[in-house]
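The sequence shown begins at 44 in my numbering and counts up by one. Reading through the C-alpha coordinates given below for one structure.
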Amino acid sequence: GIGYDGDSDRVGAIDDRGRIIYADRLLAILSRDVLARNPGAKIVFDVKCSQTLPEEIERHGGKPIMWKTGHSLLKAKMKEEQAPLAGEMSGHIFFADDYFGFDDAIYASGRLLQIIASSDKKFSEIADEIPYYESTPEIRIETTDEDKFNIVRDLARYFKERYQTIEIDGTRVLFGDGWGLVRASNTQPVLVLRFEAKTKERLREIIAIFKNKLKEYPSVRFSDEDFLG
44 GIGYDGDSDR VGAIDDRGRI IYADRLLAIL SRDVLARNPG AKIVFDVKCS QTLPEEIERH
104 GGKPIMWKTG HSLLKAKMKE EQAPLAGEMS GHIFFADDYF GFDDAIYASG RLLQIIASSD
164 KKFSEIADEI PYYESTPEIR IETTDEDKFN IVRDLARYFK ERYQTIEIDG TRVLFGDGWG
224 LVRASNTQPV LVLRFEAKTK ERLREIIAIF KNKLKEYPSV RFSDEDFLG
(Lines of atoms letter the chains of each structure in order from A and count residues from 1; the text may use other names and numbers.)
(Lines give C-alpha, C1' and ligand atoms only; values in the text may rest on other atoms or scores of the structure.)
Protein backbone atom coordinates (compact mmCIF):
# COMPACT_ATOMS: atom_id res chain seq x y z
CA GLY A 1 0.00 0.00 0.00
CA ILE A 2 1.03 3.59 -0.68
CA GLY A 3 -0.03 6.67 1.27
CA TYR A 4 0.49 10.41 0.81
CA ASP A 5 0.10 13.50 2.96
CA GLY A 6 -2.35 16.27 2.03
CA ASP A 7 -0.19 17.98 -0.58
CA SER A 8 1.47 14.76 -1.83
CA ASP A 9 5.05 15.70 -1.07
CA ARG A 10 5.53 12.91 1.49
CA VAL A 11 5.13 9.20 0.84
CA GLY A 12 4.65 6.18 3.08
CA ALA A 13 4.49 2.49 2.20
CA ILE A 14 3.22 -0.78 3.66
CA ASP A 15 4.44 -4.07 2.23
CA ASP A 16 2.43 -7.19 1.40
CA ARG A 17 2.98 -8.49 4.95
CA GLY A 18 1.40 -5.39 6.46
CA ARG A 19 4.68 -3.89 7.68
CA ILE A 20 5.40 -0.17 7.52
CA ILE A 21 8.46 0.41 5.36
CA TYR A 22 9.86 3.64 6.72
CA ALA A 23 11.37 6.29 4.48
CA ASP A 24 14.99 5.38 5.24
CA ARG A 25 14.36 1.81 4.04
CA LEU A 26 12.48 3.13 1.00
CA LEU A 27 15.51 5.31 0.25
CA ALA A 28 17.78 2.27 0.50
CA ILE A 29 15.61 0.42 -2.03
CA LEU A 30 15.39 3.42 -4.36
CA SER A 31 19.10 4.17 -4.06
CA ARG A 32 20.06 0.78 -5.47
CA ASP A 33 18.09 1.53 -8.63
CA VAL A 34 19.42 5.09 -8.89
CA LEU A 35 23.02 3.95 -8.38
CA ALA A 36 22.63 1.33 -11.10
CA ARG A 37 21.79 4.23 -13.44
CA ASN A 38 24.32 6.66 -11.92
CA PRO A 39 27.38 4.72 -10.70
CA GLY A 40 29.27 6.42 -7.89
CA ALA A 41 26.59 9.07 -7.34
CA LYS A 42 25.95 10.87 -4.07
CA ILE A 43 22.77 10.17 -2.10
CA VAL A 44 21.66 12.74 0.50
CA PHE A 45 19.67 11.83 3.64
CA ASP A 46 18.93 13.35 7.04
CA VAL A 47 20.50 12.60 10.44
CA LYS A 48 17.49 10.58 11.63
CA CYS A 49 17.95 7.82 9.04
CA SER A 50 19.08 4.30 9.89
CA GLN A 51 22.73 3.31 9.65
CA THR A 52 21.63 0.68 7.15
CA LEU A 53 21.05 3.45 4.59
CA PRO A 54 24.66 4.71 4.25
CA GLU A 55 25.85 1.10 4.43
CA GLU A 56 23.58 0.13 1.53
CA ILE A 57 24.60 3.20 -0.48
CA GLU A 58 28.28 2.33 -0.07
CA ARG A 59 27.61 -1.35 -0.80
CA HIS A 60 26.19 -0.34 -4.18
CA GLY A 61 29.03 2.01 -5.03
CA GLY A 62 27.49 5.32 -4.01
CA LYS A 63 28.61 8.09 -1.68
CA PRO A 64 26.31 8.71 1.32
CA ILE A 65 25.87 12.34 2.39
CA MET A 66 24.25 12.85 5.81
CA TRP A 67 22.64 16.26 6.27
CA LYS A 68 20.31 18.34 8.41
CA THR A 69 16.64 17.48 8.86
CA GLY A 70 14.26 19.70 6.89
CA HIS A 71 13.04 19.24 3.34
CA SER A 72 14.20 22.68 2.17
CA LEU A 73 17.67 22.05 3.63
CA LEU A 74 17.89 18.64 1.96
CA LYS A 75 16.77 20.01 -1.39
CA ALA A 76 19.46 22.70 -1.23
CA LYS A 77 22.12 20.15 -0.24
CA MET A 78 21.01 17.84 -3.03
CA LYS A 79 21.48 20.64 -5.56
CA GLU A 80 24.86 21.60 -4.06
CA GLU A 81 26.13 18.00 -4.24
CA GLN A 82 24.48 17.34 -7.63
CA ALA A 83 22.94 14.23 -6.12
CA PRO A 84 20.30 12.30 -8.11
CA LEU A 85 18.38 11.24 -4.97
CA ALA A 86 17.71 12.64 -1.49
CA GLY A 87 15.22 12.04 1.28
CA GLU A 88 14.42 12.20 4.97
CA MET A 89 12.60 10.15 7.60
CA SER A 90 9.46 12.29 7.33
CA GLY A 91 8.82 10.86 3.85
CA HIS A 92 10.07 13.69 1.63
CA ILE A 93 11.91 11.98 -1.25
CA PHE A 94 13.56 14.03 -3.99
CA PHE A 95 14.48 12.70 -7.44
CA ALA A 96 16.83 14.51 -9.80
CA ASP A 97 17.35 11.25 -11.70
CA ASP A 98 15.02 11.58 -14.70
CA TYR A 99 13.05 14.22 -12.77
CA PHE A 100 13.12 17.80 -11.52
CA GLY A 101 14.73 17.48 -8.08
CA PHE A 102 11.72 18.12 -5.86
CA ASP A 103 9.68 16.05 -3.42
CA ASP A 104 6.85 14.61 -5.52
CA ALA A 105 5.41 11.69 -3.56
CA ILE A 106 3.41 10.37 -6.50
CA TYR A 107 6.52 10.24 -8.66
CA ALA A 108 8.54 8.61 -5.85
CA SER A 109 5.89 5.92 -5.41
CA GLY A 110 5.88 5.37 -9.17
CA ARG A 111 9.62 4.72 -9.08
CA LEU A 112 9.09 2.27 -6.21
CA LEU A 113 6.34 0.45 -8.09
CA GLN A 114 8.57 0.30 -11.16
CA ILE A 115 11.24 -1.48 -9.09
CA ILE A 116 8.71 -3.96 -7.70
CA ALA A 117 7.13 -4.60 -11.12
CA SER A 118 10.49 -5.27 -12.76
CA SER A 119 11.44 -7.79 -10.06
CA ASP A 120 10.25 -11.36 -9.58
CA LYS A 121 10.13 -10.71 -5.83
CA LYS A 122 7.39 -9.39 -3.58
CA PHE A 123 7.77 -5.97 -1.99
CA SER A 124 8.39 -7.65 1.38
CA GLU A 125 11.19 -9.75 -0.11
CA ILE A 126 12.84 -6.67 -1.60
CA ALA A 127 12.55 -4.88 1.75
CA ASP A 128 14.06 -7.86 3.56
CA GLU A 129 17.20 -7.52 1.45
CA ILE A 130 17.96 -4.36 3.44
CA PRO A 131 19.63 -5.25 6.77
CA TYR A 132 17.42 -4.55 9.77
CA TYR A 133 18.55 -3.01 13.06
CA GLU A 134 16.44 -2.47 16.17
CA SER A 135 15.29 1.14 16.34
CA THR A 136 12.80 3.55 17.82
CA PRO A 137 10.54 5.89 15.89
CA GLU A 138 11.08 9.60 16.35
CA ILE A 139 10.66 10.49 20.04
CA ARG A 140 9.61 14.02 21.00
CA ILE A 141 9.96 15.27 24.57
CA GLU A 142 8.91 18.64 25.93
CA THR A 143 11.23 21.43 27.00
CA THR A 144 11.14 25.21 26.40
CA ASP A 145 12.03 27.29 23.36
CA GLU A 146 14.43 29.24 25.57
CA ASP A 147 16.35 26.12 26.65
CA LYS A 148 16.17 23.64 23.77
CA PHE A 149 19.21 24.80 21.77
CA ASN A 150 21.34 25.32 24.88
CA ILE A 151 20.50 21.82 26.08
CA VAL A 152 21.50 20.29 22.76
CA ARG A 153 24.77 22.26 22.75
CA ASP A 154 25.52 21.07 26.27
CA LEU A 155 24.71 17.46 25.37
CA ALA A 156 26.91 17.73 22.28
CA ARG A 157 29.87 18.82 24.43
CA TYR A 158 29.22 16.07 26.97
CA PHE A 159 28.97 13.25 24.43
CA LYS A 160 31.85 14.50 22.27
CA GLU A 161 34.20 14.10 25.25
CA ARG A 162 33.21 10.43 25.58
CA TYR A 163 32.16 9.10 22.17
CA GLN A 164 32.47 9.72 18.46
CA THR A 165 29.76 12.16 17.39
CA ILE A 166 28.29 13.71 14.26
CA GLU A 167 27.15 17.31 14.82
CA ILE A 168 25.51 18.17 11.52
CA ASP A 169 22.14 18.73 13.22
CA GLY A 170 22.07 18.31 16.98
CA THR A 171 24.36 15.46 17.96
CA ARG A 172 24.31 11.88 16.70
CA VAL A 173 26.35 9.78 19.14
CA LEU A 174 28.03 6.71 17.66
CA PHE A 175 28.50 3.66 19.87
CA GLY A 176 29.92 1.23 17.30
CA ASP A 177 26.95 -1.11 17.61
CA GLY A 178 24.31 1.62 17.58
CA TRP A 179 23.64 5.33 17.84
CA GLY A 180 21.48 7.91 19.54
CA LEU A 181 20.38 11.29 18.21
CA VAL A 182 19.16 14.39 19.99
CA ARG A 183 18.31 17.62 18.19
CA ALA A 184 16.17 20.65 18.88
CA SER A 185 12.98 21.06 16.90
CA ASN A 186 13.10 24.15 14.73
CA THR A 187 9.38 24.82 15.14
CA GLN A 188 8.29 23.54 18.58
CA PRO A 189 9.55 23.57 22.20
CA VAL A 190 10.67 19.95 22.03
CA LEU A 191 13.77 17.81 21.75
CA VAL A 192 13.69 15.20 19.01
CA LEU A 193 15.42 11.87 19.62
CA ARG A 194 15.90 8.60 17.80
CA PHE A 195 17.88 5.47 18.66
CA GLU A 196 19.15 2.41 16.83
CA ALA A 197 21.25 -0.63 17.76
CA LYS A 198 22.03 -4.11 16.47
CA THR A 199 20.20 -5.80 19.37
CA LYS A 200 17.20 -4.91 21.54
CA GLU A 201 19.34 -5.14 24.68
CA ARG A 202 21.88 -2.69 23.31
CA LEU A 203 19.09 -0.38 22.17
CA ARG A 204 17.77 -0.24 25.74
CA GLU A 205 21.27 0.51 27.05
CA ILE A 206 21.78 3.42 24.63
CA ILE A 207 18.37 4.86 25.48
CA ALA A 208 19.24 4.65 29.18
CA ILE A 209 22.45 6.65 28.63
CA PHE A 210 20.44 9.50 27.11
CA LYS A 211 17.59 9.32 29.64
CA ASN A 212 19.96 9.51 32.60
CA LYS A 213 21.67 12.58 31.15
CA LEU A 214 18.41 14.30 30.22
CA LYS A 215 17.20 14.03 33.83
CA GLU A 216 19.80 16.68 34.73
CA TYR A 217 17.83 19.40 32.89
CA PRO A 218 14.87 20.77 34.90
CA SER A 219 12.99 22.07 31.84
CA VAL A 220 13.04 18.69 30.08
CA ARG A 221 9.86 16.76 30.85
CA PHE A 222 9.43 13.10 29.96
CA SER A 223 8.32 9.75 31.34
CA ASP A 224 9.65 6.26 30.69
CA GLU A 225 6.63 5.66 28.45
CA ASP A 226 7.86 8.38 26.07
CA PHE A 227 10.76 6.12 25.13
CA LEU A 228 8.75 2.99 24.44
CA GLY A 229 8.11 3.97 20.79
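Yeah, the Cβ is synthetic: ideal placement off N, Cα and C, and Gly gets one too.
Go ahead and pull the three-state DSSP assignment for L275. The question about residue 275 has no answer, for the chain in this structure spans 44 to 272.
Taking the DSSP output, what are the residues bridged to Y176? On the sequence shown, position 133 is the one that residue 176 refers to. According to DSSP, which records beta bridges pairwise, Y176 is partnered with nothing at all.
What number of angstroms, rounded off, separates the C-alpha of T230 from the C-alpha of T242? Position 187 of the sequence shown, counted from the first residue, corresponds to residue 230. Position 199 of the sequence shown, counted from the first residue, corresponds to residue 242. If you take the alpha carbons of T230 and T242, they lie about 33 Å apart.
Roughly how many angstroms separate the alpha carbons of G144 and F138, rounded to a whole number? Locating residue 144 in the sequence shown gives position 101, where the first residue counts as 1. Locating residue 138 in the sequence shown gives position 95, where the first residue counts as 1. Roughly 5 Å separates the two Cα atoms.
Nearest-angstrom Cα distance between L198 and K191? Taking the sequence shown and counting its residues from 1, the one referred to as residue 198 is at position 155. Taking the sequence shown and counting its residues from 1, the one referred to as residue 191 is at position 148. L198 and K191: Cα-Cα distance of roughly 11 Å.
Cα-Cα, which of R53, K258 and F270 is closest to S152? Position 109 of the sequence shown, counting from 1, holds the residue named residue 152. Residue R53 is the option with its Cα nearest to S152.
Helix, strand or coil: which one does DSSP assign to V233? Taking the sequence shown and counting its residues from 1, the one referred to as residue 233 is at position 190. Strand at V233.
With a CB to CB cut of under 6 Å and the five nearest residues on each side skipped, what residues in its chain are close to A251? Residue mapping note: residue 251 aligns to position 208 of the sequence shown, counting from 1. Within the same chain, A251 has no close Cβ partners at all.
Inter-residue spacing [alpha-carbon to alpha-carbon] between I173 and S93: Numbered from 1 along the sequence shown, position 130 holds the residue referred to as residue 173. Numbered from 1 along the sequence shown, position 50 holds the residue referred to as residue 93. Cα to Cα, the separation comes out at about 11 Å.
What are the partner residues of T208, as DSSP defines its beta bridges? Here residue 208 corresponds to residue number 165 of the sequence shown, with the count starting at 1. Under DSSP, T208 takes part in a beta bridge, and its partners are V216.
Which class does D246 belong to by DSSP, given the choice of helix, strand or coil? As a position in the sequence shown, residue 246 is number 203, starting the count at 1. Looking at the sequence itself, residue 246 is Leu, so the reference to Asp does not match. Reduced to three states, the DSSP call for L246 is helix.
Go through its chain and collect everything with a Cβ distance to P82's Cβ below 6 Å, but skip five positions before and after it. The residue given as residue 82 occupies position 39 in the sequence shown. G104.
Run of the beta strand (DSSP E) containing D89, from where it starts to where it stops: Counting from one through the sequence shown, the residue named residue 89 turns up at place 46. Per DSSP, D89 belongs to the beta strand (DSSP E) from K85 to D89.
How about the segment 177 to 190 and the segment 205 to 220: do they share at least three Cβ pairs that are nearer than 8 Å? no
Beta-carbon separation (whole angstroms), I57 vs I158, contact threshold 8 Å: On the sequence shown, position 14 is the one that residue 57 refers to. On the sequence shown, position 115 is the one that residue 158 refers to. With 8 Å as the limit, I57 and I158 do not qualify as a contact, their Cβ atoms being about 16 Å apart.
Identity of the residue in A160, D140 and I136 nearest I149 by Cα: For the purposes of this step, residue 149 is taken as the residue at position 106 of the sequence shown. When only C-alpha atoms are compared, the closest one is I136.
Would you grab the beta carbon distance between F265 and L271 for me? Rounded to a whole angstrom, and I think it's under 8 Å. Looking up residue 265 in the sequence shown gives position 222. Looking up residue 271 in the sequence shown gives position 228. Contact flag wrong, Cβ pair sits at about 11 Å.
The beta strand (DSSP E) with Y65 in it runs from where to where? By one-based count along the sequence shown, residue 65 stands at place 22. Neither: Y65 is in no beta strand (DSSP E) and is coded neither H nor E.
On the three-pair Cβ rule with 8 Å, is the segment 100 to 116 touching the segment 196 to 216? Segment contact: the segment 100 to 116 against the segment 196 to 216, three or more CB-CB distances shorter than 8 Å; contact assigned.
Keeping to the same chain, check which residues put their C-beta closer than 8 Å to that of R62; ignore five residues upstream and five downstream. The count along the sequence shown starts at 1 and reaches residue 62 at position 19. So the qualifying residues of the chain are S167 and A170.
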